[in-house]
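Asker: First, the structure itself, so that you have it in front of you.
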RNA sequence: GCGGGCGUGGCGGAAUUGGUAGACGCGCUGGAUUUAGGUUCCAGUGGGCAAGCCCCGUGAAGGUUCGAGUCCUUUCGCCCGCACCA
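Structure representation (structure tokens):
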């Protein structure tokens, strides 16, 4: 390397501290509500402040920050806010343990996290910081609850719910994961309690349909949501309850839900769940009652985890009663069995052992008939019974249910129709039942209403009052927020329900003494609309104004963990639709593009956890290497969606590159100055035709790799965007090594230096800012610089290497002029193949411009 | 069982639409510079052997095509979600 003006050494800590202070002072990252530029809303899932940030947060926010900064450089007015999901149980538990206030613990953690965010150089508009535990925030969550109450979307109901004995609160359906509490992994108990719900099921169909609109979401998240919503098309069929004699009809019916109405002729028994009040009623006072009660008791003792295992043996008892099959008019015995659920469908099932493996297993165990009513063409039974309308064979020797698609046999007038879900046979039987008024098509969802009340202190109080006379009465809007008291003695175990200053109040309707609801909302309610509040965080008239959400919504890029695939993302979609129906916002969906970043694991591929002691705190990387190295390493090590194992070598490699790029930029800038051009003057006259071969090739590569880097940013593929810049840096380094200072092209050096700095600016912002000012000589922030433009034409070289194939196999390579004609290429190619073509006839030649010539000869 | 995804060097991973497989980085090998290197620079690095204008190579086997990591069929393996949902 020729001697240059001495370069300044790279001191990460000094420049990072310096620029963080300047950004803060200059308010560099302020979002503008009134700008004429197109907007871009980049959002990372806000953290729960349980302590300092961990590597997962660092990765999440680094991805978002690279997107946000690059968007700004491409001319967008960017909204890139941050906040805290600050309510929740860990704060309360910590407060109980330390006899302090949950708020104190939470605010201290939030301050700590903000410090770390600033050390990472994230480009947040801290003016818009949202903390869900601030009354200015949760007031509007309460407001939304009241609106939902008015629309009938919020209600109170008593039903069996999941109670977590360790968290001392109920859980939403979505929060019972693998039969365990999502937070503490205790096994919840079923309790009959009066709880508050949001009617998300009203939106089940729309939530399902609109998944189709989410082109920018990963397939697996969409699939998970579809699964969770669980739409199932089937039929409801009414069975008449027979009298105690077993045959004469009563005037009562029991309705079942089935997706296989076609198998109605094969119904040989009927099942109710042990929890069924109807079952209780049917056996009451009979000889069957003791066995029923025993089964019911045993089911209560088995945990939900165990009961849900599909391997579990089925248990059932006969009730002594019958229903009448509406088509065959035969009596069907009613059983009670533990494999049927009370809260799905109608809570009653028609048992068709021929068509369903579970029913089959149950029939075998209890010696119930297995009438064959469906068969495939290659089944001997099909030949025997294909024209048989009446039930002549009542049992079969099979060892499993008939799972394959087949034709109905022994099924009256429907014999011969193709059966299966959504089959002609289903349609025909549905039509028949509908005509008789004893059946109807029915769409069933798995999704349940969202149970949002929690019996905990540290959350948004539900703004309702219970009056002995008036019932549940909403808190008047002018009384919002219902403030959470901050002087509870949590350490002594005091709860809101026991704290009179909170619950004592007067009924807003009749004025008599009443009791305030002491449940708080699930924290997922708080996080279901925070992205809307960021649009208008200081509004004290409304949760947000229509103009503000018109300006910023929808979120263009949402980045967060896959663990929220159902819970948070489904609730947020629901909340947005509710706000839309309240006329608050026009958008149907909150998040246009979703990126679920992979996990950061330890070097052995294990999840980082405090209990394993394998946590790598961000500070352990920032301190020795700097935030820019860490950001670079995180983005380079793997594609954003993939898990990666933490690898110190990669960090060292990233640091090596950043230092190398630093030297190269200085070398280029000094060279430019030597030739009288400002270090980073990208607009200096650059005549590509006047460049020597080495210079021309560097310029071409700059354009080629610049285009690639830009395209990779566009598809959020940061690892390859970085590799493109690495190639430019490598090329520039070779240029500096190969060409003496005097021979270098000043304008070229300035351009390359400028573009390297700007392309890396979203990823290594402090590094870029320092070079932009000190090496390239600019006064403004690189954040306000334009993303460089590259030229497709300039990316092409005059001569290119092309592959020559014989029968599709590469046999030679030729260097040809980029604008060579097809004829010239074919001639060159044939020459290159030489003797390989001897004695062969050319059948065909395929020319792929710029890539290859394939000669088909034999 | 249902749904989604993935199999490419020693490792992380590249390869917009079918068109030169292995970019970039880590690691490793050799060389240069240095008093020294956890520095920098240069070169090499999929496998095989007869060392070539060679053969084989993207989990496996077929197929379509002038041409397949990419498309189709079958199959093996792994990961994730839901699940006695009728």
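In our numbering, the protein residues as written are -16 to 841. Don't be surprised by glycine CBs; every beta carbon is placed ideally from N, CA and C.
#1: Just to confirm my understanding: we take residue 166, look at its own chain, exclude 5 residues before and 5 after, and list those with CB closer than 7 angstroms. What are they?
#2: Can you find the residues in the same chain that come closer than 6 angstroms, C-beta to C-beta, to residue 814, ignoring five residues on each side of it along the sequence?
#3: Give the secondary structure of residue 633 by DSSP, where H, G and I count as helix, E and B as strand, and everything else as coil.
#4: Taking DSSP as the reference, what is the three-state secondary structure of residue 851?
#5: Return helix, strand or coil for residue 471, following the three-state DSSP convention.
#6: Can you grab the Cα-Cα spacing for the pair residue 127 / residue 557, in whole Å?
#7: Enumerate, from N- to C-terminal direction, the unbroken beta strand (DSSP E) stretches of 3 or more residues contained entirely within the region 135 to 185.
#8: Would you report the Cα separation of residue 754 and residue 649, rounded to the nearest angstrom?
#9: Do residue 559 and residue 568 count as a contact pair if the criterion is CB distance below 8 angstroms?
#10: In three-state DSSP terms, what is residue 402?
#11: Look up residue -7 in the DSSP assignment and say whether it is helix, strand or coil.
#12: Check the DSSP bridge columns for residue 565 and list the partner residues they point to.
#13: Following the continuous alpha helix (DSSP H) through residue 97, name the residue where it begins and the one where it ends.
#14: DSSP on residue -16, reduced to helix/strand/coil?
#15: Could you check if residue -14 is buried or exposed, using at least 16 other CB atoms within 10 Å of its CB as the buried criterion?
#16: For my contact list, residue 346 and residue 252 are in at a C-beta cut-off of 8 angstroms; report their separation, rounded to the angstrom.
#17: Using the Cβ count rule (16 or more neighbours within 10 Å means buried), how would you classify residue 202?
#18: Rounded to a whole number of angstroms, what is the C-alpha to C-alpha distance between residue 626 and residue 581?
#19: Grouping DSSP H, G and I as helix and E and B as strand, with all else coil, what is residue 0?
#20: Jot down the residue ranges of each uninterrupted beta strand (DSSP E) in the region 197 to 256, minimum 3 residues, whole runs only, in chain order.
#21: Mind reading off the beta-carbon distance from residue 430 to residue 211? Whole number of angstroms is fine, and I expect it under 8 angstroms.
#22: Going by DSSP, which residues form a beta bridge with residue 26?
#23: Skipping 5 residues on each side, what residues in its chain have a beta carbon closer than 6 angstroms to that of residue 638?
#24: Going by the CB atoms, is the gap between residue 306 and residue 317 shorter than 8 angstroms?
#25: Roughly how many angstroms lie between the CA atoms of residue 517 and residue 112, to the nearest whole one?
#26: Bridge partners for residue 390 per DSSP, in chain order?
#27: Looking at residue 246: is its Cβ nearer than 8 angstroms to the Cβ of residue 334?
#28: Quick check on this structure: which residue in 14, 4, 79, 100 has the alpha carbon closest to the alpha carbon of residue 38?
#29: List the residues that DSSP assigns as beta-bridge partners of residue 263.
#30: Could you have a look at residue 591 and say whether DSSP puts it in helix, strand or coil?
#31: Looking only at its chain, what residues have a beta carbon closer than 8 angstroms to the beta carbon of residue 511, apart from the 5 residues adjacent to it on each side?
#32: Do you know whose CA, among 623, 35, -6, 218, lies nearest residue 417's CA?
#33: Near residue 678, what residues of its chain come up, given a Cβ to Cβ distance below 6 angstroms and the 5 sequence neighbours on each side ignored?
#34: Taking 8 angstroms as the cut-off, does the region 816 to 827 touch the region 797 to 808 (at least 3 CB pairs, one atom from each stretch)?
#35: Hey, residue 662 and residue 566: beta-carbon distance below 8 angstroms or not?
#36: Could you pull the DSSP bridge partners for residue 547 from this structure?
Answerer: Walking through what the data contain:
#1: 72, 150
#2: none
#3: helix
#4: Look at the range of the chain in this structure, -16 to 841, and you will see that residue 851 is not part of it.
#5: DSSP places residue 471 in coil when its eight states are reduced to three.
#6: 12 angstroms
#7: 137 to 147, 152 to 154, 172 to 181
#8: 8 angstroms
#9: yes
#10: Residue state, collapsed to three classes: coil.
#11: coil
#12: Answer is none; residue 565 lacks a bridge partner.
#13: 85 to 103
#14: Its pLDDT being 31, under 50, residue -16 is placed unreliably by the model, and the measurement read from it follows with that caveat. Of the three classes helix, strand and coil, the one that applies to residue -16 here is coil, per DSSP.
#15: Low per-residue confidence applies at residue -14: pLDDT is 33, beneath 50, and the placement is therefore not dependable enough to give any value.
#16: The C-beta distance from residue 346 to residue 252 rounds to 7 angstroms, short enough to fall under 8 angstroms.
#17: exposed
#18: The straight-line gap from Cα to Cα measures roughly 4 angstroms.
#19: helix
#20: 215 to 225, 232 to 241, 252 to 255
#21: 7 angstroms
#22: 541
#23: 608, 612
#24: yes
#25: 8 angstroms
#26: Answer by DSSP bridge pairing, in chain order: 358, 401.
#27: no
#28: 100
#29: Bridge partners of residue 263: none, in fact.
#30: coil
#31: Take residue 511, set aside five residues on each side of it, and the residues of its chain with a beta-carbon closer than 8 angstroms to its own are 551, 554, 555, 557, 558, in chain order.
#32: 218
#33: 728, 731
#34: no
#35: Going by C-beta atoms, residue 662 is not nearer than 8 angstroms to residue 566.
#36: In the DSSP output, where bridge partners are listed per residue, residue 547 has none listed.
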